[in-house]
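Enquirer: Please see the structure below; I have some questions.
Numbering (the working numbering), first residue to last: 19 to 530.
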């Protein structure tokens, strides 16, 4: 029952005594924001004191969207001290003469505690002058497609960021089908690679003493220069895109020898026809991966030395494809004519897993084509990892006429007593291609997948920790996971409307 005196205090705008220390309350607010932002917003209205404690969490992230009428609307002056992360949407240089004036327009210097800047869905070209302004202010920089580097005469000079900068985190995300995009929009991809390479060589190498995480396209990552520098603080390295030359895998090995503190390594790179399944590490490279927590390799070679190294702390392992193999199956037009997909067989996955001693493994992703080793592989997974909570399986049929034994697969995996979430892409014959516009085909698929989900749930729901099973669902723009939950779940059994899903697959068009 509420206290009348507290109600009178609230009505006068006074604060109510807090039963928790301020630092504990702020931690609770941070966790609440991750789970339920609207709930945090409601809680912040309870009293003036609670409002003040919630302000740093409420306004930590700010989003600025450019419109043709209003341009950029910067955060109000009252909340600017709380803004630490700024995300820019839809910026267009038609509103101002140069990119640096664009940043002046949004008053970047007026955000005193800004540390992270994210260019998202921005259409302007990024120039050296723009980078100078960013690097003077932030320690974390994210640039997403379709933002592109601008080739200017200033690049022939020595920009400020050729020397050391203070960046700790840098990410550049490009379109995963760059060759297709360059043909459709008729621009010179080779020239774009050249400009991008020069920018990255200057920027990335300037942060080698402070860098903690890097996410770079393999096509233009400055591996040669990176291999000449030490990277004492880096914890996360992610490479994606595709190999351009046969010499890049060897350069990557040299770079890894310079990174003694890696916790996460992602090599999500498409293959060259003449360089199928290149090794991440060869027998002549000496490395210590004892602290590695996460490892992702696209089209790995089962004989790669990296799988024989001691990784006792590894909690996540992904043996995957790049791009997703379902594009080869049903959307080959997205891929360059030279694209190859040396997908692993079930026996190959089993050979890799048997080499690895990973007692703490809690998350596993496998992509394979069916062969005689599949049953043994599934049995190994169900009996070897006592902490496995999330399993993602992309299983492709050896022949298009093969029947998918989904109940047998599920029954075997139900023996994983720690399993909480199971993601399944089983290459059903009824699966529509990505970008399918055939309503009849999609409607038949939706009915089919609902029925299969109920059968799978009936097998899995007796597991003590099981929460949901998810099936891959193609849509017009991407593939998404739709989650189905058991009948005893208190909320909706389907996470979202099957045509309006929230979570994308880990790599589907245009880029994820």
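For each residue, glycine too, the CB sits at the ideal point set by N, CA and C.
(1) Identify the residues that DSSP records as bridge partners of residue 161: which are they?
(2) Could you tell me the boundaries of the beta strand (DSSP E) in which residue 334 lies?
(3) By DSSP's criteria, residue 258 is part of a beta bridge. Which residues make up the other side?
(4) Should residue 507 go down as buried or exposed, given a rule of 16 or more other Cβ atoms within 10 Å for buried?
(5) So for residue 412, helix, strand or coil by DSSP?
(6) Using C-beta distances below 7 Å, list every residue in its chain close to residue 460, excluding the 5 sequence neighbours before and after it, in chain order.
(7) Could you check if residue 151 is buried or exposed, using at least 16 other CB atoms within 10 Å of its CB as the buried criterion?
(8) State yes or no: is the C-beta of residue 463 within less than 8 Å of the C-beta of residue 442?
(9) Where does residue 316 fall in DSSP's three states?
(10) By alpha-carbon positions, which one of 256, 258, 424, 218 ends up nearest to residue 240?
(11) So for residue 38, helix, strand or coil by DSSP?
(12) At 4 residues or longer, what runs of the alpha helix (DSSP H) sit wholly inside the stretch 348–405?
(13) Quick one: what does DSSP say residue 473 is sitting in, helix, strand or coil?
(14) Nearest to residue 382 by alpha carbon, out of 388, 53, 398, 393?
(15) Would the stretch 245–264 count as touching the stretch 203–210 if we require 3 or more Cβ pairs under 8 Å?
(16) Give the C-beta separation of residue 128 and residue 98 to the nearest angstrom, bearing in mind that I take them to be a contact with Cβ-Cβ under 8 Å.
(17) Would you kindly work out how many angstroms separate the C-alpha atoms of residue 51 and residue 57, rounded to a whole number?
(18) When you compare the CB positions of residue 477 and residue 401, do they come within less than 8 Å of one another, or not?
(19) Just confirm the distance between the C-beta atoms of residue 437 and residue 470, as a whole number of angstroms; I'd bet it's less than 8 Å.
(20) Taking residue 203 as part of the alpha helix (DSSP H), name the residues at either end of that continuous run.
(21) Please state whether the Cβ-Cβ distance between residue 78 and residue 102 is less than 8 Å.
(22) Per DSSP, what kind of secondary structure is residue 293 in: helix, strand or coil?
(23) Note the first and the last residue of the continuous beta strand (DSSP E) segment covering residue 454.
(24) Suppose you measure from the CA of residue 301 to the CA of residue 268; what does that come to, to the nearest Å?
(25) Assuming contact is defined by CB atoms lying nearer than 8 Å, are residue 359 and residue 344 in contact in what I supplied?
(26) Taking residue 396 as the reference, which of 417, 377, 418, 372 has the closest Cα?
(27) Does DSSP put residue 172 in a helix, a strand or coil?
(28) Rounding to the nearest angstrom, what Cα-Cα distance links residue 236 and residue 242 in this structure?
Expert: Let me spell this out:
(1) Under DSSP, residue 161 forms a beta bridge with 137, 190.
(2) 334–338
(3) 235, 286
(4) exposed
(5) strand
(6) 450, 454
(7) buried
(8) Taking 8 Å as the Cβ cut-off, residue 463 and residue 442 do not qualify as a contacting pair.
(9) strand
(10) 218
(11) coil
(12) 364–373, 392–402
(13) Correct three-state label for residue 473: helix.
(14) 398
(15) no
(16) 6 Å
(17) Residue 51 and residue 57 have their C-alpha atoms some 8 Å from each other.
(18) no
(19) 18 Å between Cβ atoms; not a contact.
(20) 196–203
(21) yes
(22) strand
(23) Note, residue 454: premise wrong, no beta strand (DSSP E); not H, not E.
(24) 12 Å
(25) no
(26) 372
(27) Confidence in residue 172 is poor, its pLDDT being 49 and thus under 50, which makes the residue's placement unreliable; the coordinate value appears in the next sentence. Reduced to three states, the DSSP call for residue 172 is helix.
(28) 12 Å
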